[in-house]
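To keep things clear, I will list the structure first and then write my remarks on it.
In the working numbering, the protein residues as written are 20 to 160.
Laid out in structure tokens, this is it:
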């Protein structure tokens, strides 16, 4: 019986020592969502539309980096952040803040559609899709 108790205590101590880790496991991978304000359904050629965006997540991790890339698959236009050069399709750009504004300028008289992909530094992505119908200028007589 004493032998059984000694073996049981030794196993418990051994399990306790092997279960401990030197490093603290800190979660840095949080889901996120990108919320946008409503945008117009129609746009004139050379008109610029503001798209207000906010990245929302359960937790905020200090070193989290968000990036943006876009692809226009119908029509022709330019997308950019305020006071920056227009984005090139499929190139990746760092988003400076969780709240930001995109500006889309129409360069055609046709329907325009594009997707914006927002990704975090852990590889999670969210897709936003925008579509603008062509608005014809009203002629005044």
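Cβ atoms here follow ideal geometry from the backbone N, Cα and C, with glycine treated the same way.
Spatial neighbours of residue i in its chain, beta-carbon cut-off 7 Å, leaving aside the 5 residues before and after
| i | result |
| --- | --- |
| residue 55 | 70, 71, 72, 147 |
| residue 106 | 89, 98, 99, 112 |
| residue 94 | 127, 129, 130, 131, 132 |
| residue 63 | 125, 154, 156 |
Where residue i falls, given that 16 or more other Cβ within 10 Å makes a residue buried
| i | result |
| --- | --- |
| residue 92 | exposed |
| residue 53 | buried |
| residue 23 | exposed |
Residue i to residue j span [Cα, whole Å]
| i | j | result |
| --- | --- | --- |
| residue 119 | residue 75 | 12 Å |
| residue 151 | residue 115 | 26 Å |
| residue 51 | residue 21 | 57 Å |
Sheet register partners of residue i (DSSP bridge)
| i | result |
| --- | --- |
| residue 140 | Per DSSP, none; premise fails for residue 140. |
| residue 96 | 125 |
Own chain residues within Cβ distance below 6 Å of residue i, not counting five before or after
| i | result |
| --- | --- |
| residue 138 | 86, 144 |
| residue 101 | 120 |
| residue 134 | 90, 146, 148 |
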